[in-house]
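Residue 377 in the numbering used here sits at position 349 of the sequence shown, and the numbers go up by one each step. Heads up: the structure comes next, in structure tokens.
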Amino acid sequence: MKITSVRTIIVGEVRPFLFVIVETECGLTGIGEAGITWREKAIAGFIEALTPSLVGQDPRRIEHLWQVMLRCGFFPGGRIGAAAISAIDLALWDIKGKALGVPVYELLGGLVRERVACYPHIDDAEFPAMFDQCQQRVEAGWQFVRFNFPSDGDVLEPRIAVRRGVELVTGVREAVGPDIGIIIDVHTRLDPVDAVTLCRQLEPLNVFFVEDPVRCENPAAIGRLRQHTNVPVAMGEQYATKWEFREAVENDWIDYCRVDLCIAGGLTEARKIAGWCETHYIAIAPHNPLGPVSTAACLHLDLATSNFAVQECARIPGEVLSDLFPVQVPFDRGNMLPPTAPGLGVEIDESAISRYPVMDGDCPRLQRADGSFTNW
Ligand SMILES: [Mg+2]
Numbered sequence: 029m030k031i032t033s034v035r036t037i038i039v040g041e042v043r044p045f046l047f048v049i050v051e052t053e054c055g056l057t058g059i060g061e062a063g064i065t066w067r068e069k070a071i072a073g074f075i076e077a078l079t080p081s082l083v084g085q086d087p088r089r090i091e092h093l094w095q096v097m098l099r100c101g102f103f104p105g106g107r108i109g110a111a112a113i114s115a116i117d118l119a120l121w122d123i124k125g126k127a128l129g130v131p132v133y134e135l136l137g138g139l140v141r142e143r144v145a146c147y148p149h150i151d152d153a154e155f156p157a158m159f160d161q162c163q164q165r166v167e168a169g170w171q172f173v174r175f176n177f178p179s180d181g182d183v184l185e186p187r188i189a190v191r192r193g194v195e196l197v198t199g200v201r202e203a204v205g206p207d208i209g210i211i212i213d214v215h216t217r218l219d220p221v222d223a224v225t226l227c228r229q230l231e232p233l234n235v236f237f238v239e240d241p242v243r244c245e246n247p248a249a250i251g252r253l254r255q256h257t258n259v260p261v262a263m264g265e266q267y268a269t270k271w272e273f274r275e276a277v278e279n280d281w282i283d284y285c286r287v288d289l290c291i292a293g294g295l296t297e298a299r300k301i302a303g304w305c306e307t308h309y310i311a312i313a314p315h316n317p318l319g320p321v322s323t324a325a326c327l328h329l330d331l332a333t334s335n336f337a338v339q340e341c342a343r344i345p346g347e348v349l350s351d352l353f354p355v356q357v358p359f360d361r362g363n364m365l366p367p368t369a370p371g372l373g374v375e376i377d378e379s380a381i382s383r384y385p386v387m388d389g390d391c392p393r394l395q396r397a398d399g400s401f402t403n404w
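Below, the structure is given as structure tokens:
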């Protein structure tokens with residue numbers, strides 16, 4: 029079996045999506061997806077640069093091709109390169125599953141659970157409306173809720189935002205009762221000093237985890253935060269490759285690992301990161317704000333990984349890009365279920381591409397009251 033072509037598809041629905049199609053001479057095709065939204069053209073360029081190293085190669089040699097893709101350019105590829113490799117890696121696992129006639133989770137060791145608990149995104153809104161949204165999700169079967177750390181429109185003043193963040197979690201806890209997992213995504217919007225203030229006030233509210241309280245460039249900042257609070261902390265969605273996870277895992281700075289299969293290096297790299305986390309009793313909670321292929325890849329990893337906690341599911345399977353992906357993974361009342369089709373279990377209908385035109389834009393921006401830039 030040999031790879032004959034590698035193609036990218038960029039589409040939009042609410043946000044942009046980049047998919048890669050890897051084709052083989054025997055007619056089997058695999059599909060992958062890349063993360064880092066709004067940088068799709070850069071990732072497509074990286075995929076184009078990798079393609080000559082892939083055409084003519086056996087797609088079943090996934091580990092070998094991963095090493096070639098990461099190291100063939102001599103210089104480490106960084107996040108854009110890792111996102112490109114991620115997309116191709118997922119497509120190779122899809123091909124391998126199809127070639128062997130089994131779902132990908134069978135290639136990862138088989139099922140360790142019957143279903144995968146997920147958490148939805150609660151939309152930003154006035155607080156009473158957010159409490160209602162959380163309640164509605166619980167009534168629909170979800171056991172976890174997740175919402176953003178609040179800003180005031182496009183202005184974020186840390187002292188005010190911390191106070192409102194505590195009010196938000198307090199109100200949600202009252203609305204959903206004691207047993208629902210509450211996740212607040214700070215989205216790297218705070219510096220350590222304000223993150224400590226927030227986390228200490230959240231301690232009595234029994235949050236499942238506080239996500240990304242600070243930015244990722246200096247992981248020791250999480251270590252500093254943890255000296256001052258016992259709130260569970262999750263981090264990792266901005267990391268590319270196992271090396272960027274190394275310090276946070278080895279120093280026990282995180283409680284939950286937010287590996288993104290479409291940024292970190294695909295299933296190949298995410299499995300290794302999950303194994304590394306297992307030696308520190310850290311559970312994975314994969315990052316997934318993306319499309320149907322990312323969702324499927326996360327599901328297969330979660331189904332076959334013992335140290336798994338909860339899966340982000342921003343878009344319910346079947347409710348996003350539904351014409352482009354007429355077959356997506358099974359979902360029922362806040363849980364994803366094992367697919368039975370070979371490969372990743374998603375099917376693309378390329379005739380629907382024109383219904384999802386490419387979007388222009390960039391990430392939203394936040395600022396301080398004085399007009400200075402702050403993290404979104
Ligand atoms: Mg996040």
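By construction, the Cβ of each residue, glycine as well, lies at the ideal position given by its N, Cα and C atoms.
Cβ neighbours of G125 within its own chain (closer than 8 angstroms, five residues either side excluded): P131, V132, E134, L135, P370, G371 and L372.
Contact fails between the stretch 160-171 and the stretch 375-392, because fewer than three Cβ pairs, one in each stretch, are under 8 angstroms apart.
Annotated three-state conformation of D351 is coil, per DSSP.
Taking each of F155, L230, V348 and N335 in turn and checking the Cα distance to I312, the smallest one comes out for N335. Applying a distance threshold of 7 angstroms between residue Cβ atoms and the heavy atoms of ligand 1 selects D213, H215, E239, D240, E265, R286 and H315, given in chain order. Under the three-state reduction of DSSP output, M364 falls in the strand class.
Among the bridge pairs identified by DSSP, Y147 is matched with E340. Taking 7 angstroms as the cut-off, the beta carbon of C100 is found closer than this to the beta carbon of S81. Annotated as distal: T198 and C227, with beta-carbon spacing of 7 angstroms or more.
Collapsing the DSSP output to three states places C54 in coil. About 4 angstroms separates the beta carbons of G58 and D122, which is inside the 8 angstroms limit, making them a contact pair. Counting of Cβ neighbours within 10 angstroms places A342 among the buried residues, the total reaching 16 or more. Residues of the same chain with a CB within less than 6 angstroms of the CB of A72, apart from the 5 flanking positions on each side, are T36 in chain order.
If you draw a straight line from the Cα of N176 to the Cα of N363, it is about 21 angstroms long. Going by C-alpha positions, F45 is about 21 angstroms away from Y147.
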